[in-house]
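Q: At position 247 of the sequence shown (counting the first as 1) the number is 315 in the working numbering, and the numbers step up by one without a gap.
The beta-carbon is built from N, C-alpha and C at its ideal position, and this holds for glycine as well.
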Amino acid sequence: MKIDVLTLFPDMFIPMLSSSIIGRAVEKGLLKVNLYNIRDFAKNKHKQVDDYPYGGGHGMILAPQPLFDALYHVLGSCQDGKPKVILMSPQGKVLNQELAKQLAQEQHMVIICGHYEGVDQRVIDKFVDLEVSIGDYVLTGGELPAMVFIDCVARLIPGVVGNPESTQDESFARGLLEYPQYTRPYNYEGYTVPDVLLSGNHQEISRWRLKESLRNTLKKRPDLLEKAELSPYEIELLKEVKQEMEGS
Ligand code: 4HQ
69 MKIDVLTLFP DMFIPMLSSS IIGRAVEKGL LKVNLYNIRD FAKNKHKQVD DYPYGGGHGM
129 ILAPQPLFDA LYHVLGSCQD GKPKVILMSP QGKVLNQELA KQLAQEQHMV IICGHYEGVD
189 QRVIDKFVDL EVSIGDYVLT GGELPAMVFI DCVARLIPGV VGNPESTQDE SFARGLLEYP
249 QYTRPYNYEG YTVPDVLLSG NHQEISRWRL KESLRNTLKK RPDLLEKAEL SPYEIELLKE
309 VKQEMEGS
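Structure (structure tokens):
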């Protein structure tokens, strides 16, 4: 997967692109990220990229010229068909695991990171295919959202996450929260590990994990349970969980 990032702060991306799982994906060539500084495309002599809003109001707007030219540059030198152009914006479609899975199928994306009060609408009208938000809160720029987006999508590329089961097993993959996990030691300051996990009985362990996953979801994110498609077995386990909750 290739991602071109248009930003005023390309340096912000370097740590994430050289660390941990995403760093390894870049090294392995599974992910290629090109960073473009929008300021490098400014034509005026002070390299100014923003200007006052027409109609008045506070804050500055990213002017069309540097972004148009950056996008002409990136899209013009592009061999692989038309990439999906994404703007990080609180007005966008809210990122979730389903959207991440869809966009993980893309071969090439261009991400625009706005700053200040946002980008001139004509950039959106001419180039943007999709606006993406990482949640209903306001940040100072699109860089952190772009990094969240890249992390979330890139880990779904085959080979990026060591064990493919770990992208299927986890929270949200099935619309349920994860079960509690434990590692050694068995007893830590008097807090012990549930004995079923040491039993060696894999059927019992699976049943326990599924039940605790349902319990977690019911307790912490009941909204997810409404949307989840539960099997008769899962409905039965959820009933047990609800009875146990009444009991206490
Ligand atoms: N932004 N999800 C960029 C966000 C945001 C979000 C605020 C984006 C400022 C200029 N982006 N503008 N939430 O808060 O994506």
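(1) Answer with buried or exposed for M215, where buried requires no fewer than 16 other C-beta atoms within 10 angstroms of its C-beta.
(2) Span of the beta strand (DSSP E) holding T75?
(3) Using CA coordinates, which residue listed in F240, L76, Q165 is at the minimum distance from N284?
(4) Comparing alpha-carbon positions, which option in S299, V94, I71 lies nearest N102?
(5) Does any heavy atom of the ligand 4HQ sit closer than 7 Å to the C-beta of V191?
(6) Would you mind sorting G210 into buried or exposed? The rule is 16 or more other CB atoms within 10 Å of its CB.
(7) Contact check, L265 vs I273 under 8 Å by CB: the rounded distance?
(8) For the alpha helix (DSSP H) containing K161, name the first residue and the last one.
(9) Given this structure, state the Cα-to-Cα distance separating I129 from Q159, to the nearest angstrom.
(10) What's the C-alpha gap between W276 and Q249?
(11) Under the DSSP definition of a beta bridge, which residues are partnered with I180?
(12) Is Y120 near the ligand 4HQ, with its Cβ less than 7 Å from a heavy atom?
(13) Could you pull out every residue in the same chain whose Cβ sits closer than 6 Å to the Cβ of K115, ignoring the five residues on either side in sequence?
(14) Assess, as a yes-or-no matter, whether the region 160-170 is touched by the region 115-126 under the definition of 3 or more beta carbon pairs within less than 8 Å.
A: By the coordinates alone:
(1) The residue labelled residue 215 in the question sits at position 147 within the sequence shown. Its Cβ being crowded by 16 or more others within 10 Å, M215 is buried.
(2) Position 7 of the sequence shown, counting from 1, holds the residue named residue 75. Taken as a continuous stretch (DSSP letters only), the beta strand (DSSP E) holding T75 covers 70-75.
(3) The count along the sequence shown starts at 1 and reaches residue 284 at position 216. Nearest C-alpha to N284: F240.
(4) Position 34 of the sequence shown, counting from 1, holds the residue named residue 102. Per the Cα distances, I71.
(5) By one-based count along the sequence shown, residue 191 stands at place 123. No, the Cβ of V191 stays beyond 7 Å of every heavy atom of the ligand 4HQ.
(6) Here residue 210 is taken as the residue at index 142 of the sequence shown, counted from 1. Within a 10 Å sphere around the beta-carbon of G210 sit 16 or more other beta-carbons, which makes this residue buried.
(7) In the sequence shown, the residue the question calls residue 265 occupies position 197. In the sequence shown, the residue the question calls residue 273 occupies position 205. Contact annotation, L265 with I273: C-beta distance approximately 6 Å; criterion of less than 8 Å satisfied.
(8) As a working mapping, residue 161 is identified with position 93 in the sequence shown. Not the alpha helix (DSSP H): K161 falls in the beta strand (DSSP E), residues 152-162.
(9) Reading the sequence shown from its first residue, position 61 is the one you call residue 129. Reading the sequence shown from its first residue, position 91 is the one you call residue 159. The straight-line gap separating the alpha-carbon atoms of I129 and Q159 is approximately 16 Å.
(10) Within the sequence shown, residue 276 is the residue found at index 208, counting from 1. Within the sequence shown, residue 249 is the residue found at index 181, counting from 1. Between W276 and Q249, the C-alpha separation is close to 12 Å.
(11) For the purposes of this step, residue 180 is taken as residue 112 along the sequence shown, with counting starting at 1. Looking at the DSSP output, I180 sits in a beta bridge with L74, L155.
(12) Residue numbering aside, residue 120 sits at position 52 when the sequence shown is read from its first letter. Answer for Y120: no, Cβ out of range of the ligand 4HQ.
(13) In the sequence shown, the residue the question calls residue 115 occupies position 47. If we look at K115 and ignore the five residues flanking it on each side, its Cβ neighbours are R107.
(14) Segments in contact, no.
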